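In the numbering used here, the protein residues as written are 10 to 126.
Down below is the structure, laid out as structure tokens.
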């Protein structure tokens, strides 16, 4: 399936096996994620994809959503956010969402950075 000139796999932040599981259990959720969230919201021009990535990783850090954070950190790097900027977001969020969320985000970020080097 192609959404606005790119494949849905290019737009998703979760690993392909997770998307397959999502489709098998909640196909409507998968459809909405692919078509509305990634096919529409992420494609809006009022914010750059880079800015959307910064907002998303900050939100996921605050909510302690490590599974989703991993994929969105990769997406953020692909969208031009630097590892230094990710570190700054984590530091900033420590004061708003607590040290444990930041400490956890550091672990996830290290895994992502290591996997990309």
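Think of the CB as a built atom: it goes at the ideal place given N, C-alpha and C, for glycine as much as any other residue.
Quantities reported herein were computed from a predicted structural model and do not represent experimental measurements.
A residue is called buried when at least 16 other Cβ atoms come within 10 angstroms of its Cβ; residue 101 does not meet this threshold and is exposed.
For the alpha helix (DSSP H) assignment, the uninterrupted runs of no fewer than 4 residues enclosed by the region 72-102 are, from N- to C-terminal side, 75-87. Contact check for residue 79 against residue 120 passes: the beta carbons are separated by less than 9 Å.
The beta carbons of residue 113 and residue 65 sit no closer together than 9 Å.
Per DSSP, residue 108 is one residue of the alpha helix (DSSP H) stretching across 108-125. Residue 35: not part of any alpha helix (DSSP H); DSSP gives it neither H nor E. The beta carbon of residue 69 is closer than 7 Å to those of 77, 78, 81 in its chain, skipping five residues each way along the sequence.
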